[in-house]
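Numbering (the working numbering), first residue to last: 14 to 523.
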């Protein structure tokens, strides 16, 4: 049975909205699915009493939606563990507003603290059915009041207990218990099984997996959810360096623009500092492109083994590395950069692109299990993997091939194409943003700079690659909207801020 992690579920939830399936509709479907299970437990020929104990997050919102579907079959009491103004999401708040207008078979009460909950204890104890809508997959840290007392009262009551998604207090990923948990008779888990529910029947009771109408593309297609979970939140105490230091190793006599484009894209994405280490033959040229660039001049006209000590020193002060843009193909350069990647990349997130991919092709599995992304186009994919890529019209074959090679190489591959394909050997996604105008030179460097920034912020390679692919393509779509297909790489860079402004804080207004 396939499972989904809490983070993956949250990402799919947001991506569903982007694909046109509103989260309010998903909540409605969840409420209906839970109500259908509850109806089977209603006793015949009498007015059943049903209590929903709801938190202030989306799990509580699912419970509120469920209450409406049960209003004609039972006397429903909702106990909200908090105040109405503390409800966290727009969808849950909307359902609460509806509940406030229902006066026939639904009653509600607020229990923002343990004492007010104790005043309502008899409501829970006398219920025929109790629905746990407190935490679900959103549990974090120690269980505070009034949630702790609510779990105790639910467990001590005789009514039939139904948990929404995950019994409150049970870790949905590991199955560990946070202090205490609801002991359910039935758990209605939404969309897919959660790994923490497996082999915990003494806590979960029978587990029912309930579809909620989430499109399968929400898990397969990169979207705003991937971006949201790659962006590092900022607070008012943030200082320089908190949002990453990126080392870019690249540049040569022939290709001075590539590392500059990558650095400018990274800075526009939000990395605090981007340092370009470039051969002396091109360092000043790169520096002249923008006053925003920091450039360190290396010893020779191209990268050599003599530069490794300085690169190591720079890398130790950075939170991620980008290796390869415009680097050149001198034999000593390939030897030096492969040595550098093997030594420094094991413990530091790294993105490898362009000429560094050709160096990696000599030892393609030498970075196995490193926190690394490679970003080849089709030709570079064939060089680095020593395998023929399936044609674009055989997307399924391409996807399986990328996943297989990512598994073999032990890293994340982002195959740049009409549909970008991203895999770490276990997970697989495609990206559908972007357009034919982005065939212009330099857009791959822009993508690399965006992804390296997400790595610098602490995003895992697979998530960073998915988010960067989406952001880069979306920025390119905005550029083409304004300029037609007559765009250059800097036009894409200038749309990164507009893209991130749309997606860095939910809800997303698209």
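Think of the CB as a built atom: it goes at the ideal place given N, C-alpha and C, for glycine as much as any other residue. In this text, all values refer to a predicted model and were calculated from it rather than measured experimentally.
- Between residue 448 and residue 497, the C-beta spacing is not below 8 Å.
- Contact between the region 130–149 and the region 105–116 is absent, with fewer than three C-beta pairs closer than 8 Å.
- Short of 6 Å from the beta carbon of residue 136, and not among the five residues preceding or following it, lie these beta carbons of its own chain, in chain order: 64 and 90.
- Assignment of residue 118 by DSSP, reduced to helix, strand and coil, places it in the coil class.
- In the DSSP assignment, residue 483 forms no beta bridge with any residue.
- With contacts defined by Cβ atoms closer than 8 Å, residue 459 and residue 274 form a contacting pair.
- Under the DSSP definition of a beta bridge, residue 433 partners with 444.
- Per DSSP, the unbroken beta strand (DSSP E) holding residue 173 starts and ends at 173–177.
- In the structure shown, the three-state DSSP call for residue 287 is strand.
- At a Cβ-Cβ threshold of 8 Å, residue 16 and residue 153 do not count as neighbours.
- Excluding its 5 nearest sequence neighbours in each direction, residue 284 has C-beta neighbours in its own chain below 6 Å: 257, 259, 466 and 469, listed in chain order.
- According to DSSP, residue pairing for residue 223 in a beta bridge involves 203.
- Restricting attention to 429, 221 and 397, the CA atom closest to the CA of residue 373 is found in 397.
- Residue 337 and residue 362 have their C-alpha atoms roughly 14 Å apart.
- If only uninterrupted alpha helix (DSSP H) runs of at least 4 residues are considered, those enclosed by the region 372–415 are 391–398.
- Between residue 299 and residue 264 the beta-carbon gap is near 6 Å, inside 8 Å, which marks them as a contact.
- Proximity to residue 120 across 103, 83, 159 and 126 peaks at 83, based on C-alpha coordinates.
- For residue 307, same chain residues with a beta-carbon under 6 Å away, outside a window of 5 residues either side, are 288 in chain order.
- Where residue 152 is concerned, there is no enclosing alpha helix (DSSP H), because DSSP gives it neither an H nor an E.
- By DSSP's assignment, residue 145 forms a beta bridge with 66 and 176.
- Of all C-beta pairs linking the region 450–458 to the region 415–425, fewer than three are shorter than 8 Å, placing the two stretches out of contact.
- The three-state secondary structure of residue 183, taken from DSSP, is strand.
- Its Cα nearest to that of residue 390, the residue 371 stands out among 371, 122, 98 and 335.
- For residue 88, the enclosing beta strand (DSSP E) stretches over residues 87–93.
- Look at the region 297–347 and you find these whole runs of alpha helix (DSSP H), each 4 residues long or longer: 321–329.
- DSSP places residue 132 outside both helix and strand once states are collapsed to three, so it counts as coil.
- Distances from the alpha-carbon of residue 212 to those of 231, 360, 156 and 183 put 183 closest.
- Counting every other CB atom within 10 Å of its CB across the protein chains shown gives residue 510 a total below 16, marking it as exposed.
- Counting only residues of its own chain and dropping the five nearest sequence neighbours on each side, residue 443 has a CB closer than 8 Å to the CB of 233, 234, 235, 408, 412, 432, 433, 434 and 435.
- Inclusion of residue 175 and residue 163 in the CB contact set at 8 Å is not warranted, their separation being larger than that value.
- Secondary structure of residue 459 (DSSP, three-state): helix.
- At a Cβ-Cβ threshold of 8 Å, residue 517 and residue 475 do not count as neighbours.
- Within the same chain, Cβ atoms closer than 6 Å to the Cβ of residue 185 are found at 19, 150, 179, 207 and 209, the five residues on either side in sequence being excluded.
- Judged by DSSP in its simplified three-state form, residue 494 adopts helix.
- Secondary structure within the region 219–271: the beta strand (DSSP E) runs of 3 or more consecutive residues, fully enclosed, are 219–223 and 258–262 (chain order).
- Here the region 23–35 does not lie against the region 46–63, with fewer than 3 beta-carbon pairs under 8 Å apart.
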